[in-house]
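Reviewing the structure listed below.
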Amino acid sequence: MSGLTYGIYAASQVAATAGPPDDPAAIDDLVGGLSGGRPFVVREYVHFLGTPADPEKARVLAPERRMRELTMPDQWYGTGNRRLDLVLCYLPAERDLDGWLAFVEQAVHRYGAVARLLQITLEPNFKLPWIDGSSPGVLDALTAGTRHARLLLDAAGHRDVRLGFSVAEPPDFLGGDEEFWAHLEALAPEDFADHVDYVGLGLYPDAFSPVPEPALAGLTEHALRQLREQSMPRAHLGPHVPIHVAENGTPTGPDRSPADQAARLDIMIRTVAAAATRHNVTHYELFGLRDADSARAEPTAQLGLTTSGYRPKPAYDVYRKLIAEGS
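Positions in the sequence shown are counted from 1; adding 54 to them yields the numbering used here.
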């Protein structure tokens, strides 16, 4: 296992699910334990909700506060060999491209000097609640937002910031995403593909629909191969454009023991690492560090390597060892 840069979502909120407040001291200790001073990516999310913003989403996602401050202080993301992967999410109730481009400009002004990776939209290929694919105008938000962000980053002297987008799992996992790839296929490369430095993959083969453990490796490999060989070429994104596994996780819960979680993560991460050279996968980011709320039974509440009280599950040590092996 070698060649991958590893990382994690270090906060705890998952869509509308949130438990106790994040503890910066615990995050610092646990992330340091995982990275061991190696290059390590930390993922964060900020949200554009349109005007007026949906009150419930605004209450939960706190976009104005997160434009001022992320989970940790700015300097934390640039020390200890850490790198900030910042996702700009598009979640307005009505199409609002002008507002979105202004939001992208605000985000670049605020975090362009802090982020090393900037992702434009979150999984715009599937219409899932609380995910960008459900938002009116998301395809134009992706393409226009990517071009706008590149111009802004370059003008501000942040040419080293890598720019990308993410997609959810392959179409056969979630019922089809033909409209999305057809839209990108119709664009000239100079209108979109030429501005894309990487494509992120949200990889959850067993998180929401349990599958037999022996099937996990095949499903993981299939997702990578589908993206590389089928989807990306349609968008004029060749083999030189790397794939980032931007999110991957599997939960604990009433029918999933901590030992099960650890074993399943081990399979998926080893499969990604083994396929990294073949599919040009350069980054792997786990979702996430701690449970959103260990008291709740749904999968989104218990995806963490630790409980919501920061008590490590077996998966924490598994991930730590895999990172050490792969470095």
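Quick reminder that beta carbons are idealized off the backbone N, C-alpha and C, glycines included. The structure presented is a predicted model; accordingly, all values stated were derived computationally and were not measured.
Check: Would you check if the segment 68-76 and the segment 95-103 touch, i.e. whether three or more CB-CB distances between them fall below 8 Å?; Outcome: no
Check: Only counting runs of 3 or more residues, tell me where the beta strand (DSSP E) segments fall wholly within the segment 130-157, in order along the chain.; Outcome: 136-144
Check: Helix, strand or coil for Glu-223, going by three-state DSSP, please let me know.; Outcome: coil
Check: Are Leu-376 and Ile-323 closer than 8 Å when you measure CB to CB?; Outcome: yes
Check: For His-294, count neighbouring Cβ atoms within 10 angstroms of its own Cβ and tell me buried if that reaches 16, exposed if not.; Outcome: exposed
Check: Compare the C-alpha of Thr-331 against each of Ile-297, Ala-313, Pro-312 and name the closest.; Outcome: Ile-297
Check: Express the C-alpha separation of Leu-340 and Leu-155 in angstroms, rounding to a whole number.; Outcome: 29 Å
Check: Roughly how many whole angstroms lie between the Cα atoms of Val-326 and Leu-255?; Outcome: 11 Å
Check: Starting from the C-beta of Asp-76, find all residues in its chain whose C-beta is less than 7 Å away, skip the five residues before and the five after it, and write them out in chain order.; Outcome: Ala-65, Ser-66, Thr-125
Check: Are at least three pairs of beta-carbons, each pair with one atom in the segment 201-218 and one in the segment 263-279, less than 8 Å apart?; Outcome: no
Check: Rounded to whole angstroms, how far is the Cβ of Leu-270 from the Cβ of Ile-321, which I believe are closer than 8 Å?; Outcome: 5 Å
Check: How about the segment 138-157 and the segment 192-205: do they share at least three Cβ pairs that are nearer than 8 Å?; Outcome: yes
Check: Contact check, Val-95 vs His-333 under 8 Å by CB: the rounded distance?; Outcome: Not really, about 18 Å apart at Cβ, beyond 8 Å.
Check: Quick test of your reading: Tyr-131 and Leu-343, contact by CB under 8 Å. State the CB separation rounded to the nearest angstrom.; Outcome: 14 Å between Cβ atoms; not a contact.
Check: Using 10 angstroms around the beta-carbon of Val-265, count the other beta-carbons present and answer buried if the total reaches 16, otherwise exposed.; Outcome: exposed
Check: In the structure shown, what three-state DSSP assignment does Phe-262 receive?; Outcome: coil
Check: In its own chain, which residues sit with a C-beta less than 8 Å from the C-beta of Arg-213, not counting the 5 before and 5 after it?; Outcome: Leu-207
Check: Drop a sphere of 10 angstroms on the beta-carbon of Thr-163, count the other beta-carbons inside from all chains shown, and report buried for 16 or more, exposed for fewer.; Outcome: Correcting the residue type first, residue 163 is His in the shown sequence and not Thr. The residue in question, His-163, is exposed, as its Cβ has fewer than 16 Cβ neighbours within 10 Å.
Check: By the 10 Å Cβ neighbour count, where 16 or more other Cβ atoms means buried, how is Ser-311 classified, buried or exposed?; Outcome: exposed
Check: From Met-55 to Ala-378, what does the alpha carbon distance come to, in whole angstroms?; Outcome: Low confidence applies to Met-55: its pLDDT is 43, below 50, so where it sits in the model is not reliable, and the reading given next is rough at best. Their backbone Cα atoms lie some 9 Å apart in a straight line.
Check: Identify every residue that forms a DSSP beta bridge with Glu-301.; Outcome: Gly-256
Check: As a quick exercise: from Asp-226, Ile-174, Asp-248, Gln-315, pick the residue whose alpha carbon is nearest that of Gln-284.; Outcome: Asp-226
Check: Specify the secondary structure class of Ala-72 as computed by DSSP and reduced to three states.; Outcome: coil
Check: In three-state DSSP terms, what is His-101?; Outcome: strand
Check: Can you say whether Glu-110 is buried or exposed, counting buried as having 16 or more other CB atoms within 10 angstroms of its CB?; Outcome: exposed
Check: How many angstroms separate the CA atom of Gly-380 from the CA atom of Asp-108?; Outcome: 43 Å
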